[in-house]
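Visitor:
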Amino acid sequence: MRREHPDPAFPGLHGRPDRGWVNDPNGCSYVDGCYHVFFQHNPERPVHEAIKWGHISSTDLVHWQPEPIALVNRPGELDAYGCWSGCVVDDTGVPIAVYSGVVDDGGRSQVLLARGDRRMQTWVAEQGSVTGMPDDPAITDVRDPFVFELAGHRYAVQGAGHRHGQPQLLVYGCDDLRAWVPLGALLTAADPLAATAAPANIWECPNLMRVDGRWVLLVSLWRQVGGGFSLDGVRWFIGDLADTVAGPRFTPVAAGELDSGPSFYAPQVLTLDDRVLLWGWSREDGRSATDVEAAGWAGVLTFVRELFVADGVLVSQPAPELRLLRRAGLEVTAGEPFEAAAFELDLADGADPMS
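Just so you know, we're using our numbering here: the sequence shown kicks off at -18 and counts up by one.
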């Protein structure tokens, strides 16, 4: 079950490569009976640079197989600095990767496309971008395209930040994936609930989907801190998505924190006919850069979760398929040591948990 690795702390059940950097899950898909999860990846070093799209696949959501690297940053092209986050769209039976291409360390991005085969093992980048930075010079950061459908039309949302420090989400019409039409803002920090529940400089990695009949929006909070930045968790909104003349507009009516852990960030969903699945990035906390470099790996994708709406609140819980990871019960003798990578203990009613 668990892969052998020289580092005893290596997360052998999570499907990540043995070496290199891993961050945001991307392009979560289900095609021809197989689940595919792509992710931000540097195979050479455990640092965020020269980012590519790594790729793993599974038929049961538990046992993951490594796949060839999908998207590779190309010298001299619009993704020379990195193939940053995005999604995969089924475009009349053809998988199309829709992603942020970044040309240099300034971080300004273009939306690029790459065409894949049905097994998602071979990808061909298309020439040019389908949309670049907005005409408004006050919008300083735009990235992480996510495609959704509303009223029979296809749209995309991107996370964005304003030079005055206010986050927003930009929306585009993209019935034709190669001809995007800017449609203004899906949501801005002018909305009081959004501003209070999700304070940030950039709302990154937006996801917009229906869960149990309700529209749900996820955003990850990027904040400027001095000369650097912090990643401050993920917020959910339940709300109304209006199909206006100007384009889709989202009005939140409830909000909350998706995960209270300090290392959870940048999730992506996979919407199926009968359920919504989610993966996130569990980033490094507690290891120094020296320790990370020595170990040769950094970051991991979370185990798959399932999303529900219950009593007006978004709930995330481990997908039931993860029960396949359980092993046989342990037979232990009081006072004697035993060996186990992990175990679960049930206490009888009235038992003293410290006895």
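For glycine and all other residues, C-beta sits at the position ideal for the given N, C-alpha and C.
1) Can you tell me which of 171, 2 and 99 puts its alpha carbon nearest to the alpha carbon of residue 26?
2) I'd like the list of long-range same chain contacts for residue 217, defined as Cβ closer than 8 Å, with 5 residues on each side in sequence excluded.
3) Mind checking which residues open and close the beta strand (DSSP E) that includes residue 235?
4) Given a cut-off of 8 Å on the beta-carbon distance, is the pair residue 5 and residue 81 in contact?
5) Could you say which of 83, 97 and 87 lies nearest to residue 75 if we only look at CA atoms?
6) Looking at C-beta atoms only, is the number of pairs between the segment 266 to 275 and the segment 247 to 254 that lie closer than 8 Å three or more?
7) Looking at the unbroken alpha helix (DSSP H) that takes in residue 272, where does it start and where does it end?
8) If you draw a straight line from the C-alpha of residue 32 to the C-alpha of residue 61, how long is it?
9) How far does the beta strand (DSSP E) with residue 212 in it reach, from first residue to last?
10) My output table needs one value for residue 326: the three-state DSSP class, helix, strand or coil.
11) For residue 146, which residues from the same chain have a beta carbon less than 8 Å from its beta carbon, with the 5 sequence-adjacent residues on both sides left out?
12) With DSSP collapsed to three states, give me the class of residue 173.
13) Let's see if you can read the secondary structure: which residues bound the beta strand (DSSP E) around residue 135?
14) On the DSSP letters alone, give me the boundaries of the beta strand (DSSP E) that residue 8 sits inside.
15) Distance check for residue 233 and residue 298, CA to CA, integer angstroms please.
16) For residue 190, list the residues DSSP reports as bridge partners.
17) Report the three-state DSSP secondary structure of residue 311 (helix, strand or coil).
18) Got a sec? Which residues, its chain only, sit under 7 Å from residue 52 by beta carbon, not counting five neighbours each side?
Guide: Looking at the atomic coordinates:
1) Residue 26 sits at position 45 when you count from the first residue of the sequence shown. It is 2.
2) Numbered from its first residue, the sequence shown carries residue 217 at position 236. Cβ neighbours of residue 217 beyond the five flanking positions: 197, 198, 199, 236, 237, 238, 239 and 295.
3) Within the sequence shown, numbered from 1, the residue matching residue 235 stands at position 254. Its beta strand (DSSP E) spans residues 228 to 238.
4) Translated into positions along the sequence shown, residue 5 becomes position 24. Translated into positions along the sequence shown, residue 81 becomes position 100. No.
5) Within the sequence shown, the letter at position 94 stands for residue 75. It is 97.
6) no
7) Along the sequence shown, read from residue 1 onward, the residue named residue 272 stands at position 291. Taken as a continuous stretch (DSSP letters only), the alpha helix (DSSP H) holding residue 272 covers 270 to 276.
8) Taking the sequence shown and counting its residues from 1, the one referred to as residue 32 is at position 51. Taking the sequence shown and counting its residues from 1, the one referred to as residue 61 is at position 80. Spanning the two alpha carbons is a distance of roughly 9 Å.
9) Within the sequence shown, numbered from 1, the residue matching residue 212 stands at position 231. Looking at the DSSP string, the run of the beta strand (DSSP E) that includes residue 212 is 209 to 225.
10) Walking along the sequence shown from the start, residue 326 turns up at place 345. Residue 326 falls in the coil class under three-state DSSP.
11) For the purposes of this step, residue 146 is taken as the residue at position 165 of the sequence shown. If we look at residue 146 and ignore the five residues flanking it on each side, its Cβ neighbours are 182 and 205.
12) Here residue 173 corresponds to residue number 192 of the sequence shown, with the count starting at 1. If DSSP states are grouped into helix, strand and coil, residue 173 belongs with the helices.
13) Here residue 135 corresponds to residue number 154 of the sequence shown, with the count starting at 1. Counting along the chain, the beta strand (DSSP E) containing residue 135 begins and ends at 134 to 143.
14) For this step, residue 8 is matched to residue 27 along the sequence shown. Taken as a continuous stretch (DSSP letters only), the beta strand (DSSP E) holding residue 8 covers 1 to 12.
15) Taking the sequence shown and counting its residues from 1, one reaches residue 298 at position 317. Taking the sequence shown and counting its residues from 1, one reaches residue 233 at position 252. Approximately 23 Å, taken between the alpha carbons.
16) Translated into the one-based positions of the sequence shown, residue 190 becomes position 209. 197, per the DSSP bridge assignment.
17) In the sequence shown, the residue the question calls residue 311 occupies position 330. In this structure, residue 311 counts as coil in the three-state DSSP scheme.
18) Reading the sequence shown from its first residue, position 71 is the one you call residue 52. Result list for residue 52: 33, 34, 64, 78, 80, 95 and 104, in chain order.
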